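Asks: Once you've had a glance at the structure underneath, I'll fire off some questions.
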Amino acid sequence: MRDIVSVAGLELYPVEEFQVLGESVLVVHVTGDGQQLWRQVRTALPDFYPILVLDRVTAFDVDYVFSTDPRNAPSDVLARAAEVDVYGRIAEISARYAPRDVGTGEEGYNLDGYDIAHFGVPQDLVILPRPQPWAAFAYLNSYYSEGHEPELLVAAAHRWYDRYGAEPTVVGLATGFVVSRPPTDLADAERLAAEHMFFAGLTAQTSERAYARALRHLDRWALYDRP
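For the sequence shown, UniProt numbering begins at 1 and goes up steadily by one.
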């Protein structure tokens with residue numbers, strides 16, 4: 001994978017190789033504008049996928065969520081994700097808990113609050129050996145993946161990419177996405193808001209229904225939860 005360093009114009013950056021259950025990724029120490037670096041690598045390396053991490057220790061912590069389980073090698077997680085019924089599995093898990101108060105939708109929202117930059121400066125850029133954006137969650141821990149099967153988050157991210165053009169840019173305490181096709185239909189936005197809140201319950205910063213209304217105007221998401 002080191003041949004891609006020159007192709008991506010990363011010769012001046014500190015780069016090291018890291019193993020994720022038998023698969024190699026490159027970790028580039030970020031100096032300067034991390035989002036600009038992400039766009040640069042995204043354009044230069046169409047056969048790979050770059051993802052920024054806010055905290056390398058959390059992203060690669062083998063004791064944190066699922067990384068020590070050999071069944072959760074990235075290729076295996078991706079294979080299982082292809083078989084997941086996202087709506088059905090979320091409904092099955094959600095039925096174990098009391099229903100959330102989703103509000104009325106009139107509570108209001110602040111579009112500026114959904115900026116991943118509020119959660120800190122990325123430490124590293126990880127280059128994955130696959131081009132699929134949703135594959136990022138098969139390699140890296142996110143705070144809100146705890147308690148859920150990794151393949152469920154991968155499958156949901158795949159659907160978000162297909163439906164909304166959502167590409168993850170940052171993983172960590174919060175996870176950022178750029179979104180090329182925000183939902184336009186309110187019912188669709190409410191379903192998406194419910195999915196975001198299922199994985200990351202502090203994302204909305206308002207009621208769930210008000211957040212759904214915000215989603216129709218957002219070209220970026222910042223999913224957030226505490227561990």
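Virtual Cβ for every residue (Gly too), placed ideally from N, Cα, C. Keep in mind the model is a prediction, meaning the values are calculated, not measured.
#1: If contact is defined by three or more beta carbon pairs under 8 Å, each pair taking one atom from either stretch, is the region 89-97 in contact with the region 160-174?
#2: Report the residue from Pro131, Asp162, Pro122 whose alpha carbon sits nearest the alpha carbon of glycine 32.
#3: With DSSP as the reference, label glycine 176 as helix, strand or coil.
#4: Considering just the uninterrupted stretch of the alpha helix (DSSP H) at proline 122, what are its terminal residues?
#5: Can you say whether glutamate 146 is buried or exposed, counting buried as having 16 or more other CB atoms within 10 angstroms of its CB?
#6: Could you work out which residue in Ser207, Val5, Leu218, Glu195 is closest to valine 154 when comparing CA atoms only?
#7: With respect to the alpha helix (DSSP H) encompassing serine 6, which residues constitute its N-terminal and C-terminal limits?
#8: Considering only C-alpha positions, which residue in the set Glu149, Val171, Gln132 is nearest to aspartate 162?
#9: Quick check: what's the CA-CA separation for arginine 42 versus alanine 187?
#10: My parser needs the beta strand (DSSP E) runs of 3 or more residues fully inside the region 22-101; what are they?
#11: When DSSP labels each residue in this structure, what does arginine 191 get in the three-state scheme?
#12: Alpha carbon to alpha carbon, how far is glutamate 106 from proline 99? Give it in angstroms, no decimals.
#13: What did DSSP end up calling residue 252 once you bin it into helix, strand or coil?
#14: If contact is defined by three or more beta carbon pairs under 8 Å, each pair taking one atom from either stretch, is the region 73-88 in contact with the region 38-56?
Replies: Considering the structure as presented:
#1: no
#2: The residue you call residue 32 lines up with position 32 of the sequence shown. The option with the nearest alpha carbon to glycine 32 is Pro122.
#3: Here residue 176 refers to the residue found at position 176 of the sequence shown. Strand.
#4: For the purposes of this step, residue 122 is taken as the residue at position 122 of the sequence shown. Note, proline 122: premise wrong, no alpha helix (DSSP H); not H, not E.
#5: On the sequence shown, residue 146 is found 146 positions in, with the first residue counted as 1. Caution applies to glutamate 146, whose pLDDT of 49 falls short of 50 and renders its modelled position unreliable; the model cannot decide the point.
#6: Stepping through the sequence shown from its first residue, residue 154 is reached at position 154. It is Glu195.
#7: Here residue 6 refers to the residue found at position 6 of the sequence shown. Where serine 6 is concerned, the enclosing alpha helix (DSSP H) stretches over 4-7.
#8: Taking the sequence shown and counting its residues from 1, one reaches residue 162 at position 162. It is Gln132.
#9: Mapped onto the sequence shown, residue 42 falls at position 42. Mapped onto the sequence shown, residue 187 falls at position 187. Those two C-alpha atoms are separated by around 32 Å.
#10: 23-29, 49-53
#11: Within the sequence shown, numbered from 1, the residue matching residue 191 stands at position 191. Three-state DSSP puts arginine 191 in a helix.
#12: For the purposes of this step, residue 99 is taken as the residue at position 99 of the sequence shown. For the purposes of this step, residue 106 is taken as the residue at position 106 of the sequence shown. Computed Cα separation, rounded: 19 Å.
#13: Nothing about residue 252 can be read from this structure; the chain reaches only from 1 to 227.
#14: no
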